[in-house]
Amino acid sequence: MLSLIPSSLLAILLSNTIYAQDVDTSPHKIQFVTVDKNVRLEVLDWGGSGRPVVLLAGLGSDAHVFDEFAPKLTGECHLYGITRRGYGSSSAPVPTDDKTYSADRLGDDVLSVIDQLHLDRPVLVGHSIAGEELSSVGSRHSEKVAGLIYLDAGYGYAFYEATLGWLDIDVVDVQKELDLLRAGKGPNDTRQAIRELLDTMLPRLDNDLKQEHEYLGSLDPAMITGDSLSMTAASQAILAGEKKYTKIGAPILAIFAVPHDMGKLVGSDPARRAVFDAHDEASTGAQATAFGKGLPTARIVRLRHANHFVFKSNEKDVLREMKAFLSSLP
């Protein structure tokens with residue numbers, strides 16, 4: 395089994411350190427849409443003609459991360475962007491339970507915006523953690539969308555393959571199973587829970603942790619500090635609310651950066667870079683393969699040495715693939 399480089403870590407380490415934009419000069423309109431009690435989301439509208447396309451940002455980013463990218467597609471479609479709850483100018487409700495920022499709650503936010511703006515079967519485009527919103531919508535309400543585009547977003551939170559595992563999800567699963575063993579919390583006969591832990595869940599978590607340790611060891615220690623790994627309450631709640639998606643009923647384009655270009659996070663040591671590339675090639679490559687096998691109608695594209703923000707580091711490649719995918723939809 396291979397655990398995967400957690401895109402949550404990629405987003406935490408990379409967001410707010412590169413591609414920052416101090417002045418918003420992008421040609422969009424801004425409105426706010428109420429999606430839940432006391433929750434309003436910022437929605438950007440770049441205009442354009444044709445099919446509606448909705449852009450969803452990664453962990454730690456808001457919809458303005460697409461300010462330079464979105465206008466380059468307005469000749470083919472009408473571009474919108476949604477800033478999810480907890481970020482930017484959108485409402486940031488306090489996580490009062492495990493549903494406030496759950497994957498399906500975030501997916502429902504997207505569906506609410508689609509309905510209120512009367513968007514006719516848009517294509518959803520998600521970067522990084524937004525893959526879970528795409529999969530939430532595509533697995534439960536595929537009739538609402540014409541297609542899904544994953545921008546380095548097809549990881550375990552978007553498509554879960556049991557033989558690979560996914561640390562964020564597996565930790566929560568093990569914790570829930572362990573809770574059943576506490577006196578009075580679960581069934582009187584705990585043998586089944588213990589067997590499940592011993593046979594499947596703990597070995598999977600053990601592998602996740604070993605792979606995570608190897609991944610962190612391939613990065614430059616000087617770049618991995620407490621501050622660089624800090625997260626907001628919303629980000630923590632989102633990671634805790636990930637879900638296993640295995641069936642997605644919409645046409646799919648999934649673009650993976652493999653191996654990733656991590657820049658200064660890996661450092662200039664050729665040996666360290668080689669170790670990272672080998673690990674990433676195996677882990678991310680395995681997920682890309684699993685994604686394609688599990689969802690055989692999906693088009694899988696691998697971009698070598700692309701940054702996690704593939705729509706910036708490899709803009710021409712992403713635009714080409716997206717335009718081809720959009721033109722192929724009925």
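By my numbering, the letter at position 194 of the sequence shown is numbered 588, and the numbering carries on one by one without gaps.
Quick reminder that beta carbons are idealized off the backbone N, C-alpha and C, glycines included.
Discussion item. Taking a contact to mean a Cβ-Cβ separation below 9 angstroms, would you say R478 touches A451 in this structure?
Written reply: yes
Discussion item. Could you tell me the alpha carbon to alpha carbon distance between D430 and A651, rounded to whole angstroms?
Written reply: 34 angstroms
Item to complete: Find out if the Cβ-Cβ distance for the pair D418, H458 is shorter than 9 angstroms.
Response: yes
Item to complete: Evaluate E526 with the Cβ neighbour count: other Cβ atoms within 10 Å of its Cβ, from every protein chain shown; 16 or more gives buried, anything less gives exposed.
Response: buried
Worksheet item: Do the CB positions of V712 and L513 come within less than 9 angstroms of each other?
Response: no
Fill in: Contact check, R598 vs G559, beta carbons under 9 angstroms
yes
Item to complete: Note down the Cα distance separating D573 from D583, rounded to an integer number of angstroms.
Response: 14 angstroms
Fill in: Proximity winner among Q510, A547, L511, relative to L528 (alpha-carbon distances)
A547
Discussion item. Please identify the residue among E571, L610, G520 whose C-alpha is closest to the C-alpha of L592.
Written reply: E571
Worksheet item: Does DSSP classify F735 as helix, strand or coil?
Response: One cannot answer for residue 735 here, as it falls past the ends of the chain, which runs 395 to 724.
Fill in: In chain order, each beta strand (DSSP E) run of at least 3 residues that lies wholly inside the region 415-494
423-430, 433-441, 445-450, 471-476
Practice prompt. Alpha carbon to alpha carbon, how far is T678 from P653? Give it in angstroms, no decimals.
Written response: 7 angstroms
Worksheet item: Relative to the alpha-carbon of L610, which residue among G661, Q569, A587 has its alpha-carbon at the smallest distance?
Response: G661
Worksheet item: Does the Cβ-Cβ distance between G541 and L720 come in under 9 angstroms?
Response: yes
Discussion item. Please state whether the Cβ-Cβ distance between A648 and I694 is less than 9 angstroms.
Written reply: yes
Practice prompt. Please determine, among T594, T494, R515, the residue with the shortest C-alpha to C-alpha distance to S537.
Written response: Reading off the sequence, residue 537 comes out as Glu, not Ser. When only C-alpha atoms are compared, the closest one is R515.
Fill in: Buried versus exposed, by CB contacts within 10 Å (16 or more), R499
buried
Fill in: Spatial neighbours of V437 in its chain, beta-carbon cut-off 8 angstroms, leaving aside the 5 residues before and after
I424, Q425, F426, V427, A457, Y474, G475, I476, T477, V507, L511
Worksheet item: What's the gap between the Cα of P421 and the Cα of P465?
Response: 8 angstroms
Fill in: Burial state of A718 (16 or more Cβ within 10 Å)
exposed
Worksheet entry | Exposure of D562, with buried meaning 16 or more beta-carbon neighbours within 10 Å | buried
Item to complete: Can you tell me which of the three DSSP states F670 falls into?
Response: helix
Fill in: Sequence-distant residues of its chain with Cβ nearer than 7 angstroms to H535 (five each side left out)
L505
Worksheet item: Per DSSP, what kind of secondary structure is R696 in: helix, strand or coil?
Response: strand
Discussion item. Need the endpoints of the beta strand (DSSP E) that G520 sits in, please.
Written reply: 517-521
Discussion item. So if DSSP puts H654 in a beta bridge, which residue, or which two residues, is it bridged to?
Written reply: A700
Item to complete: Please work out which residues of its chain come closer than 7 angstroms, Cβ to Cβ, to S707, disregarding the five sequence neighbours upstream and downstream, and give them in chain order.
Response: D655, A700, N701
Worksheet item: If you run the structure through DSSP and keep just helix, strand and coil, what is A648?
Response: strand
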